[in-house]
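Following my numbering from start to finish, the sequence shown increments by one per residue and tops out at 377. A virtual CB, placed ideally from N, CA and C, is assigned to each residue, including glycine.
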Amino acid sequence: PHSAGLFSRAIFHSPPAEIWTEDSNKERTAAIIRKTGCKKATVEESVACLKKIPADTLWHADWSPEDMSRNMLSPTWIKATVNMASFMLNNDVHRAVNYLGYHAVVDGDIVPEDIHTLIESGRWNKVPVLITVSRNESLGVIPGPDIPLQLDVLKMCLSTLTAKKSDIPSLMEDYNRSLQETGIFEPSSYSLLHQMITDKIWTCEAWNLVEEITKGGGSAQLGGFWHAPKHDPVGTSTNLACNAGATCHAAEMLYSLPQGGGRGIPAFMVQERKFMEQYRDNVLAFVHGHQGPWEVYRPDHPVITLVDETGAKVEENYRKRQCAVLERSVPATFPWFMKRHVPAGLA
């Protein structure tokens with residue numbers, strides 16, 4: 031509502047699942063306010079106090095999910111993990127995972143509600159939106175190699191996205207069968223669990239969001255960044271697979287945003303830079319009012335445009351069968367719009 035006239039287009043790169051809602055961030059903001067000694071009688075006084083504190087101090091008062099997914103056992107990783115543990119002890123432990131999304135806006139004025147709620151109430155400005163996801167998002171977020179212990183970690187992560195942990199075996203079996211029926215065979219339980227998490231948090235929610243935007247009278251395009259990066263220093267600090275054929279979370283950023291000042295893809299990677307410049311120019315073209323390679327989503331034409339170095343490929347209903355499996359089990363604590371597709375009697 032407050033952005034009317036400020037934006038003519040919007041781009042969401044790797045948007046996380048809608049469990050990262052604004053109401054949870056109010057609690058996270060309150061935790062930071064208490065920790066920095068800025069809990070005052072009024073909101074205005076609290077904001078005035080926060081403005082006097084150096085940004086670096088506020089940053090270190092929080093726990094960053096990015097720090098927790100990079101360079102395990104480093105001092106930075108340990109500090110972030112300790113800060114999260116402290117937060118969990120003072121809040122609902124099971125819901126702590128729901129705080130890994132958007133960082134809080136103190137005045138609550140920029141994004142006053144979740145996008146779905148804004149659309150439902152007619153308060154969403156209908157600017158064209160481009161939503162892009164990567165094919166291996168979770169590999170760039172959840173650290174750990176393909177070892178037996180890591181399977182327990184991945185199942186724990188998946189359990190926060192399901193109604194109950196006991197649902198996971200049947201979900202894995204049915205999800206895997208649905209993949210095999212389309213000619214896709216995951217080589218291990220490790221890769222299967224990662225793909226389930228990627229679809230649940232990113233792919234399926236991206237589909238749901240383009241559907242909601244379109245129903246609300248807006249225009250949306252869904253894209254898949256399918257290029258296997260030769261340069262992903264951040265993702266590689268989480269998982270070596272991110273520089274060995276996987277397309278991890280946020281890898282797209284070095285390709286979609288203009289780079290300069292010696293940053294980004296090195297000059298000697300000639301072919302990689304060529305693809306980066308082409309992809310970047312497509313993103314800039316969208317910003318300036320053009321469609322770019324991404325086809326517009328329509329209810330009778332539910333498409334995602336997968337882009338890599340060979341060009342753009344349009345695919346209908348990508349992962350929709352897998353999403354139907356994953357949407358059978360949804361936690362009761364999830365917001366209403368994440369439970370719309372749960373079969374009757376299971377919500």
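For LYS350, the enclosing alpha helix (DSSP H) starts and ends at 350 to 356. With contacts defined as CB atoms closer than 8 Å, VAL163 and THR233 qualify as a contacting pair. For HIS43, the closest of ILE145, VAL157 and ILE161 by C-alpha to C-alpha distance is ILE161.
In this chain, the alpha helix (DSSP H) harbouring PHE316 covers 300 to 317. Taking one beta carbon from each stretch, the region 215 to 232 and the region 360 to 376 have fewer than 3 pairs nearer than 8 Å; the two do not touch.
A distance below 8 Å separates the beta carbons of ASN166 and CYS278.
Contact check for VAL333 against GLU346 passes: the beta carbons are separated by less than 8 Å. Segment contact: the region 256 to 272 against the region 194 to 210, fewer than three CB-CB distances shorter than 8 Å; contact not assigned. The beta carbons of VAL344 and TYR309 sit no closer together than 8 Å. Residue burial is scored here from C-beta neighbours: PHE298 has fewer than 16 other C-beta atoms within 10 angstroms and is therefore classed as exposed. In the assembly as shown, THR268 is a buried residue. Its beta-carbon has 16 or more other beta-carbons within 10 Å. Residues of the same chain with a CB within less than 6 Å of the CB of TYR285, apart from the 5 flanking positions on each side, are MET306 and TYR309 in chain order. Pairing PRO329 with THR244, the inter-Cα distance amounts to about 8 Å. Within the same chain, LYS195 and ILE198 come within 7 Å of SER189 by CB-CB distance, once the 5 residues on both sides are set aside. With respect to ALA276, LEU169 sits close: the two C-beta atoms are nearer than 8 Å. About 6 Å separates the Cβ atoms of ASN206 and LEU222, confirming a contact at the 8 Å cut-off.
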